[in-house]
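**Student:**
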Amino acid sequence: MVLIEEESQNDQVNTRAVPEVSADTVEEVTGREPEGFETASEGEGDGETDERPAPPKDDSYEDALTDEQLQQRALSQVNDVKSEGNKLFGAGQYEDALSKYELALQLAAEIPSATEIRSMCHANRAVCFSKMGKYDETIKECTKALELNPSYVKALLRRAEAHEKLEHFEEAIADMKKILELDPSNDQARRTIRRLEPLAAEKREKMKEEMIGKLKEMGNSVLGRFGMSVDNFKAVKDPNTGSYSISFQR
Numbered sequence: 001m002v003l004i005e006e007e008s009q010n011d012q013v014n015t016r017a018v019p020e021v022s023a024d025t026v027e028e029v030t031g032r033e034p035e036g037f038e039t040a041s042e043g044e045g046d047g048e049t050d051e052r053p054a055p056p057k058d059d060s061y062e063d064a065l066t067d068e069q070l071q072q073r074a075l076s077q078v079n080d081v082k083s084e085g086n087k088l089f090g091a092g093q094y095e096d097a098l099s100k101y102e103l104a105l106q107l108a109a110e111i112p113s114a115t116e117i118r119s120m121c122h123a124n125r126a127v128c129f130s131k132m133g134k135y136d137e138t139i140k141e142c143t144k145a146l147e148l149n150p151s152y153v154k155a156l157l158r159r160a161e162a163h164e165k166l167e168h169f170e171e172a173i174a175d176m177k178k179i180l181e182l183d184p185s186n187d188q189a190r191r192t193i194r195r196l197e198p199l200a201a202e203k204r205e206k207m208k209e210e211m212i213g214k215l216k217e218m219g220n221s222v223l224g225r226f227g228m229s230v231d232n233f234k235a236v237k238d239p240n241t242g243s244y245s246i247s248f249q250r
């Protein structure tokens with residue numbers, strides 16, 4: 001069963017409201033009394049009006065709050081778009097889900113704190129491509145997710161599965177070994193390695209035979225000029241090392 005990444009409570013972007021700034025808070029932050037805030041000493045005098053101009057207002061605190069609010073709103077929007085993508089995926093609308101995840105990635109591109117959600121969106125796009133049988137694209141998206149989060153076990157697992165579909169057994173084994181480095185108790189990765197190692201060895205042997213066949217064709221084209229062929233040369237495989245020795249026969 002394939003699962004799309006959902007944020008847990010720890011994954012959810014914090015969108016809590018910025019606390020209301022009271023007059024006491026402004027005084028504590030700026031180190032002076034805010035304009036219009038009357039203290040006990042004010043109003044006690046001879047009734048004369050203080051004509052001194054008020055000091056300039058310090059807007060840096062308000063500006064900082066505004067920047068924080070804008071970033072939180074942007075992150076909230078990214079989460080909303082990603083959730084829409086998850087719903088589309090659940091409905092089997094993989095192309096539309098891909099578009100939503102891509103939009104979320106675009107919105108998150110300029111947000112420094114959005115690294116984790118960007119990684120999750122790439123991983124979710126990888127699942128969509130896998131469902132569509134586009135395993136090369138699955139591998140690309142998983143790689144992007146891992147560039148943002150190298151310890152992303154689910155992305156490693158999905159990439160390994162895509163490699164296996166394409167018969168990239170060596171690459172799949174490498175991803176599974178990385179999973180074991182991150183999570184030594186992962187039995188699935190250990191079982192997969194045991195299952196894929198014979199397939200990888202078989203593929204290596206097949207590639208050797210194909211290479212030898214091509215070399216024979218090339219050799220015959222050259223040796224034929226001298227009345228010989230590669231059949232005059234016998235290749236004997238060493239069962240211990242797997243290497244070959246060549247002997248000439250007339």
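FYI, full-length UniProt numbering numbers position 182 of the sequence shown as 182, with every residue one higher than the one before it. Idealized CB from N, CA, C, for every residue including glycine. If you're wondering where the values come from, they're calculated on a predicted model, not measured in any experiment.
1) Quick check: the Cα distance between residue 92 and residue 153, rounded to an integer number of angstroms?
2) Can you grab the Cα-Cα spacing for the pair residue 186 / residue 207, in whole Å?
3) So for residue 111, helix, strand or coil by DSSP?
4) Using the DSSP secondary-structure output, state which residues sit across from residue 235 in a beta bridge.
5) At the level of alpha carbons, what is the spacing between residue 246 and residue 234?
6) By alpha-carbon positions, which one of 125, 130, 214 ends up nearest to residue 86?
7) Does residue 178 pass the burial test, meaning 16 or more other C-beta atoms within 10 Å, or should it be called exposed?
8) How big is the Cα-Cα spacing for residue 198 and residue 217?
9) How would you label residue 147, buried or exposed, when you count the other beta carbons within 10 angstroms and need 16 or more for buried?
10) In or out: residue 221 buried (at least 16 other Cβ within 10 Å) or exposed?
11) Taking residue 212 as the reference, which of 193, 200, 237 has the closest Cα?
12) Thinking C-beta only, is residue 145 closer than 8 Å to residue 155?
13) Could you tell me if residue 166 is buried or exposed, where buried requires 16 or more neighbouring beta carbons within 10 angstroms of its beta carbon?
14) Short of 6 Å in beta carbon distance, which residues of its chain neighbour residue 22, apart from the five on each side in sequence? Order them along the chain.
15) Quick check: the Cα distance between residue 119 and residue 75, rounded to an integer number of angstroms?
**Tutor:** Reading it off the structure:
1) 24 Å
2) 31 Å
3) coil
4) 246
5) 6 Å
6) 125
7) buried
8) 29 Å
9) exposed
10) exposed
11) 237
12) yes
13) exposed
14) The predicted position of residue 22 is uncertain, since its pLDDT is 40 and thus under 50; a value taken from the coordinates is nonetheless stated next. Once the five neighbours on either side are set aside, residue 22 has no close Cβ partner at all.
15) 14 Å
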